[in-house]
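A.B. asks:
In this note's numbering, the protein residues as written are 17 to 175.
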């Protein structure tokens, strides 16, 4: 695209966050997570789907006009779409950029996929998952020791 033909498909925001490099097709799932956060219910949100990306081929993007992103939302985003970029915007400029990665250990973000796990029988018992080895997409439940993939856990996120 020549410089004369370039234009923004989603306008810049003055203040808020850009959630970028979401794999194409995952934007709606990220929007659903945002929609579950009561502290963001009045935020203006813009969703862009299936943009061309030199790095990814295709990507989704969300612009969120909010003062802060809840830490729980950021943790859930790491499970749903690791590697996304979150950019904090002030006065139309990027002032901070963070690439979200899956932690080695996480507590109470997802339900165990084992129906017999104590965390499913006793909802007050918090879940805990630990990565099997560095870089792996497999996690073990601390209670029943069931091994699950990151994709399985992303489908069982808690509210």
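Yeah, the Cβ is synthetic: ideal placement off N, Cα and C, and Gly gets one too.
#1: Between the Cα of residue 77 and the Cα atoms of 116, 146, 117 and 65, which residue gives the shortest distance?
#2: Sort 100, 159 and 152 by Cα distance to residue 128 and report the nearest one.
#3: Can you grab the Cα-Cα spacing for the pair residue 121 / residue 61, in whole Å?
#4: If I measure Cβ to Cβ from residue 38 and keep anything under 8 Å in the same chain, skipping five residues before and after, which residues do I get?
#5: Leaving out the 5 sequence neighbours to the left and right, which residues in its chain are closer than 6 Å to residue 130 when beta-carbon positions are compared?
#6: In terms of residues, what are the limits of the alpha helix (DSSP H) holding residue 63?
#7: To the nearest whole angstrom, what separates the beta carbons of residue 10 and residue 126, a pair I think is in contact under 8 Å?
#8: What is the rounded straight-line gap between the Cα of residue 67 and the Cα of residue 32?
#9: From residue 110 to residue 153, what distance separates their C-alpha atoms?
#10: Count the other C-beta atoms from every protein chain shown that fall within 10 angstroms of the C-beta of residue 34, then say buried if there are 16 or more, exposed otherwise.
#11: Taking residue 36 as the reference, give the member of 119, 149, 71 and 83 with the closest Cα.
#12: Answer yes or no: do residue 116 and residue 93 have a C-beta to C-beta separation smaller than 7 Å?
#13: List the whole-angstrom C-beta distance separating residue 57 from residue 107, where the pair is believed to meet the contact cut-off of C-beta under 8 Å.
C.D. replies: The relevant details are as follows:
#1: What you label residue 77 is simply residue 61 of the chain shown in a count that begins at 1. If you compare the alpha carbons of 116, 146, 117 and 65 with that of residue 77, the shortest gap goes to 65.
#2: Your numbering for residue 128 matches position 112 in the chain shown. Closest option to residue 128, judged by alpha-carbon separation, among 100, 159 and 152: 159.
#3: Taking the chain shown and counting its residues from 1, one reaches residue 121 at position 105. Taking the chain shown and counting its residues from 1, one reaches residue 61 at position 45. Rounded to the nearest angstrom, the two C-alpha atoms are 30 Å apart.
#4: Taking the first residue of the chain shown as 1, we reach residue 38 at position 22. Excluding positions up to five away in sequence, the list reads 46, 75, 76, 77, 78, 97 and 100.
#5: Your numbering for residue 130 matches position 114 in the chain shown. Taking C-beta separations shorter than 6 Å and ignoring five residues to either side along the sequence, the partners of residue 130 in its chain run 160 and 162, following chain order.
#6: In the chain shown, the residue the question calls residue 63 occupies position 47. In this chain, residue 63 is not harboured by any alpha helix (DSSP H); it is covered by the beta strand (DSSP E) spanning 60–69.
#7: The structure shown does not extend to residue 10, since the chain spans only 17 to 175, so no value can be given for it.
#8: Position 51 of the chain shown, counted from the first residue, corresponds to residue 67. Position 16 of the chain shown, counted from the first residue, corresponds to residue 32. Computed Cα separation, rounded: 21 Å.
#9: Counting from 1 along the chain shown, the entry for residue 110 is found at position 94. Counting from 1 along the chain shown, the entry for residue 153 is found at position 137. Note on geometry: alpha-carbon atoms of residue 110 and residue 153 lie some 31 Å from one another.
#10: Indexing the chain shown from 1 puts residue 34 at position 18. Its Cβ being crowded by 16 or more others within 10 Å, residue 34 is buried.
#11: Here residue 36 refers to the residue found at position 20 of the chain shown. Closest option to residue 36, Cα to Cα, is 71.
#12: Residue 116 sits at position 100 when you count from the first residue of the chain shown. Residue 93 sits at position 77 when you count from the first residue of the chain shown. In this structure, residue 116 places its C-beta atom within 7 Å of the C-beta atom of residue 93.
#13: Sequence index remark: in the chain shown, residue 57 carries index 41 (1-based). Sequence index remark: in the chain shown, residue 107 carries index 91 (1-based). The beta-carbon distance between residue 57 and residue 107, rounded to whole angstroms, is 25 Å. This is too long to meet the 8 Å contact definition.
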